[in-house]
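Residue numbers (this note's numbering): 228 to 333. Virtual Cβ for every residue (Gly too), placed ideally from N, Cα, C.
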């Protein structure tokens with residue numbers, strides 16, 4: 228099992244709009260397709276920063292969920308374009324982490 232920690236930067240002054248879009252649209256859409264979104268945060272040190280986490284059982288599950296979400300017509304035609312409008316994509320950083328044996332996140 229592993230987690231993805233995704234660090235995003237909203238376009239200047241649009242973080243509140245981004246958080247609303249994530250909470251109202253992106254997270255519910257992904258969850259409806261089986262994605263396990265485990266956390267969502269605003270970055271306390273960067274005014275336009277946002278961080279969220281997703282959990283995967285293994286690589287096969289991750290590949291299937293990526294396919295289900297990012298190849299879905301709604302993502303391609305509606306959600307993806309809105310995401311690109313709200314974020315600075317080239318500043319996104321995705322880190323894959325695995326919990327240690329004693330971690331409560333196991």
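Item: With 16 other CB atoms within 10 Å as the buried threshold, where does residue 333 fall?; Value: exposed
Item: Using 8 Å as the Cβ pair cut-off and three pairs as the minimum, do the region 321–331 and the region 249–258 touch?; Value: no
Item: Quick one: using the 10 Å Cβ neighbour count with 16 as the cut-off for buried, is residue 262 buried or exposed?; Value: buried
Item: Does DSSP classify residue 247 as helix, strand or coil?; Value: helix
Item: Contact defined as beta carbons within less than 8 Å: I believe residue 280 pairs with residue 230. What is the distance between those atoms, to the nearest angstrom?; Value: 5 Å
Item: Using 10 angstroms around the beta-carbon of residue 298, count the other beta-carbons present and answer buried if the total reaches 16, otherwise exposed.; Value: exposed
Item: If you draw a straight line from the alpha carbon of residue 327 to that of residue 286, how long is it in whole angstroms?; Value: 18 Å
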